[in-house]
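Participant:
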Amino acid sequence: MSDYTELKEKLFYTQKNGLLKEDISVEVEEFSNGYKDFLGASKTERLCVKKSLEILKKAGFSEFSYGKEYKAGDRVFINNRGKALAIAVIGQKTVDNGTRIAAAHIDSPRLDLKPNPLYEDSELALFKTHYYGGIKKYQWTTVPLALHGVFCKKDGTTVEVSIGEDENEPCFVVTDLLPHLAAAQYKRPAGELIRGEELNVLIGSRPFLDDEGSELVKLNILKMLNEKYGIVEEDFLSAELECVPAGKPRDVGFDLSMIGSYGHDDRVCAYPCLMAAVDAKTPEYTVISILADKEEVGSDGNTGLNSAFLEQFIGFLAEMQGVNKDIALCNSKCLSADVNAAFDPTFPDVMEKKNAACINYGAVITKYTGARGKGDTSDASAEFVAFIRKILDENNVIWQTGELGKVDLGGGGTVAKYIANLGVDVVDLGVPVLSMHAPFEVVSKLDVYMTYKAVKALFQN
Ligand code: MN
Ligand code: MN
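In the numbering used here, each number is its position in the sequence shown, counted from 1, plus 1.
1. Can you tell me where the alpha helix (DSSP H) holding Asn-221 begins and where it ends?
2. For Tyr-272, which residues of its own chain have a beta-carbon under 6 Å away from its beta-carbon, when the five flanking residues on both sides are left out?
3. Let's see if you can read the secondary structure: which residues bound the beta strand (DSSP E) around Thr-159?
4. Tell whether a beta-carbon distance below 9 Å holds between Thr-100 and Leu-275.
5. Apply the 10 Å Cβ neighbour rule to Glu-30 and answer buried if 16 or more other Cβ atoms are within range, or exposed otherwise.
6. Does the beta-carbon of Tyr-263 have 16 or more other beta-carbons within 10 angstroms, so that it is buried, or is it exposed?
7. So Leu-148 and Val-162 are supposed to be a Cβ contact under 8 Å. How far apart are they, rounded?
8. Whole-angstrom Cβ separation of Ile-315 and Val-449, contact assumed at under 8 Å?
9. Going residue by residue through the segment 97-159, where are the continuous beta strand (DSSP E) segments of at least 3 residues, counting only ones entirely within it?
10. Does the structure place the segment 300-310 close enough to the segment 403-410 that three or more beta carbon pairs sit under 8 Å?
11. Should Arg-47 be labelled buried (16 or more other beta-carbon atoms within 10 Å of its own) or exposed?
12. Output needed for Asp-327: all residues of its chain with C-beta closer than 6 Å, excluding positions within five of it in sequence on either side, in chain order.
13. Enumerate in chain order the residues of its own chain whose CB-to-CB distance from His-344 is below 6 Å, with the five nearest sequence positions on each side excluded.
14. Got a sec, what are the start and stop residues for the beta strand (DSSP E) Ala-364 sits in?
15. CB Arg-76 to CB Cys-244, shorter than 9 Å?
16. Are the beta-carbon atoms belonging to Ala-417 and Ala-293 less than 9 Å from one another?
17. Report the rounded CA-to-CA distance for Asp-339 versus Ile-389, giving the unit in angstroms.
18. So which of Phe-385, Lys-355, Ala-364 and Lys-407 has the shortest CA-CA distance to Ala-372?
19. Taking 8 Å as the cut-off, is the beta-carbon of Gly-135 closer than that to any non-hydrogen atom of ligand 3?
20. Helix, strand or coil for Lys-180? Go by DSSP, reduced to three states.
21. Hey, would you say Val-456 sits closer than 9 Å to Leu-336, going by beta carbons?
22. Report the option in Trp-141, Glu-10, Met-321 and Asp-108 whose CA atom is closest to the CA atom of Ser-300.
23. Round the Cβ separation of Ala-87 and Cys-172 to the nearest angstrom and send it over; I've been treating them as touching at under 8 Å.
24. Give me the residue from Lys-454, Leu-447, Leu-410 and Gly-165 with the minimum Cα distance to Leu-21.
25. Have a look at Glu-55 and Thr-283 and give me their C-alpha separation to the nearest angstrom.
26. With DSSP run on the structure shown, which of helix, strand or coil describes Ile-315?
27. Considering Cα atoms alone, identify which of Ala-277, Asn-422 and Val-365 is closest to Leu-330.
28. Comparing the CB of Asp-156 with every heavy atom of ligand 1, is any distance shorter than 8 Å?
29. Does DSSP put Ile-88 in a helix, a strand or coil?
30. Which partner residues of Gln-401 appear in the DSSP bridge assignment?
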């Protein structure tokens, strides 16, 4: 080796495609299959909690009971209103020695039905929607949609709705204008190509058989809903119904190296957090996995992480052990497990190549997110990033760093800042995604598996 090569190897920071490193394709494929199964069943935050509880109960976790004494190795969870979960495996050390936290979110962008959604126009029945999270609205037209959620009735009962995933069930759709008549539509700015109030979901066209009366299509739909779910139109007022792209996750590419699906952001990190907790036996430090709601709309509300949810949970554990909650928080370490944008060769201009995350380069550490000069973010400390770097390398995790696009081109946020504000050391780590927030997002199987290995590494250190 020449002096030049030797010195360069020693001094330069170079990253390599993870698929060119050692062959771990069997483990990666196995983990991907588990993830695809999880993701296909987790189309909404409520369904994701349901699926996660199924996995947790099988793995010996039970509902946390306030006042009960738990010992090292005990496995508990708190179900926050069916939309968020706090999961813990009690450590050998008391929580004032710090905990190890992995936090992902399980809500994804979608079309929510308005409180009074059902109407008939020109003998078609439709639902009015209010989109949830950041979407490119035009992407949500002309794709098959499923409907999931709940009607909560005045008598205290809840009726679950889940229709459109199975090929034998009907689906729904937002219509768009044919190109022949779109000359005026094309003149709108791209962000308004489809406007919020144009995201109306087509749900029926058959009139109730009668010679008189108006709104016969709407009447027929309500008659069917009444027969199937026992609801009347007023029950929509206390419902949460979400339209999401229909269908299961699928492999992408001739080489099957990627997974395409709705809702990777952020269930692709939630699954690694969940499985790392399931794998924890009797950890040194208490490990906590948080599956949070409401991240896509700013984490506000009692199921989001800008609430007392996590702080209270750690408080319960501290109280049980007779130690101080705030000391527990200050000594805790956290991976805010969320996705970042993957470099897309079709749109290279938005990325600064030296600091962009790439498909198959492993879990991506994002030191800060934010916008307008690192505003609205938690910029992880150098000390903490050094600690994470060390444990990832020691545990053979393939990882890379990323930034959310070029400076001043846009930006975004994660739950990291809310956890950092509690006094916890935290950095973002997750999976790079292509077409983020689209009805069909793409991730690499290797990156998903490496995110799981990264969370495991934190839980063991
Ligand atoms: Mn996210
Ligand atoms: Mn997102």
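Beta carbons: idealized from backbone N, C-alpha and C, even for Gly.
Given the structure is predicted, the values throughout are model-derived calculations rather than measurements.
Facilitator: Let me spell this out:
1. As a working note, residue 221 is residue 220 in the sequence shown. That run of the alpha helix (DSSP H) goes 217-230.
2. On the sequence shown, residue 272 is found 271 positions in, with the first residue counted as 1. Answer for Tyr-272: Tyr-36 and Phe-39, listed in chain order.
3. Indexing the sequence shown from 1 puts residue 159 at position 158. Secondary structure note for Thr-159: its beta strand (DSSP E) is the uninterrupted segment 159-164.
4. Sequence index remark: in the sequence shown, residue 100 carries index 99 (1-based). Sequence index remark: in the sequence shown, residue 275 carries index 274 (1-based). Contact: no.
5. By one-based count along the sequence shown, residue 30 stands at place 29. That one is exposed.
6. Along the sequence shown, read from residue 1 onward, the residue named residue 263 stands at position 262. By the 10 Å Cβ count, Tyr-263 comes out buried.
7. Here the question's residue 148 lines up with position 147 in the sequence shown. Here the question's residue 162 lines up with position 161 in the sequence shown. Their Cβ separation, rounded to whole angstroms, is 6 Å, which keeps Leu-148 and Val-162 in contact under 8 Å.
8. As a position in the sequence shown, residue 315 is number 314, starting the count at 1. As a position in the sequence shown, residue 449 is number 448, starting the count at 1. That belief does not hold up - the Cβ atoms of Ile-315 and Val-449 are roughly 28 Å apart, past 8 Å.
9. 100-106, 111-122, 125-133 and 146-153
10. With the cut-off at 8 Å, the segment 403-410 and the segment 300-310 do not touch.
11. Looking up residue 47 in the sequence shown gives position 46. When all chains shown are included, Arg-47 counts as buried.
12. Taking the first residue of the sequence shown as 1, we reach residue 327 at position 326. Hits under 6 Å: none found.
13. Taking the sequence shown and counting its residues from 1, one reaches residue 344 at position 343. Just to set this straight, residue 344 is Phe in the shown sequence, not His. These residues qualify, in order along the chain: Met-352, Ala-357 and Cys-359.
14. Indexing the sequence shown from 1 puts residue 364 at position 363. Its beta strand (DSSP E) spans residues 364-367.
15. As a position in the sequence shown, residue 76 is number 75, starting the count at 1. As a position in the sequence shown, residue 244 is number 243, starting the count at 1. Against a cut-off of 9 Å, the Cβ pair of Cys-244 and Arg-76 comes out as no contact.
16. One-based indexing of the sequence shown puts residue 417 at position 416. One-based indexing of the sequence shown puts residue 293 at position 292. No, these two residues do not count as a Cβ contact at 9 Å.
17. The sequence position of residue 339 within the sequence shown is 338, counting from 1. The sequence position of residue 389 within the sequence shown is 388, counting from 1. In this structure, the CA atom of Asp-339 is about 16 Å from the CA atom of Ile-389.
18. For the purposes of this step, residue 372 is taken as residue 371 along the sequence shown, with counting starting at 1. Cα-wise, what sits closest to Ala-372 is Lys-407.
19. Looking for ligand 3 in the displayed structure turns up nothing; the ligands present are ligand 1 and ligand 2.
20. For the purposes of this step, residue 180 is identified with residue 179 of the sequence shown, where counting begins at 1. A small fix is needed here, since residue 180 is Pro in this sequence, not Lys. If DSSP states are grouped into helix, strand and coil, Pro-180 belongs with the helices.
21. The residue labelled residue 456 in the question sits at position 455 within the sequence shown. The residue labelled residue 336 in the question sits at position 335 within the sequence shown. Yes. Within cutoff.
22. Numbered from 1 along the sequence shown, position 299 holds the residue referred to as residue 300. Checking every option, the nearest Cα to that of Ser-300 belongs to Asp-108.
23. In the sequence shown, residue 87 corresponds to position 86, counting from 1. In the sequence shown, residue 172 corresponds to position 171, counting from 1. Going by Cβ atoms, the distance from Ala-87 to Cys-172 rounds to 34 Å, so no, they are not a contact pair.
24. The residue labelled residue 21 in the question sits at position 20 within the sequence shown. Among Lys-454, Leu-447, Leu-410 and Gly-165, the Cα nearest to that of Leu-21 is on Leu-447.
25. For the purposes of this step, residue 55 is taken as residue 54 along the sequence shown, with counting starting at 1. For the purposes of this step, residue 283 is taken as residue 282 along the sequence shown, with counting starting at 1. The alpha-carbon atoms of Glu-55 and Thr-283 are separated by roughly 21 Å.
26. Within the sequence shown, residue 315 is the residue found at index 314, counting from 1. Collapsing the DSSP output to three states places Ile-315 in a helix.
27. Taking the first residue of the sequence shown as 1, we reach residue 330 at position 329. Minimum Cα distance to Leu-330 is reached at Asn-422.
28. As a working note, residue 156 is residue 155 in the sequence shown. No, since every heavy atom of ligand 1 falls outside the 8 Å radius drawn around the Cβ of Asp-156.
29. By 1-based counting over the sequence shown, the position of residue 88 is 87. Strand at Ile-88.
30. For this step, residue 401 is matched to residue 400 along the sequence shown. For Gln-401, which the question treats as bridged, DSSP gives the partners Val-365.
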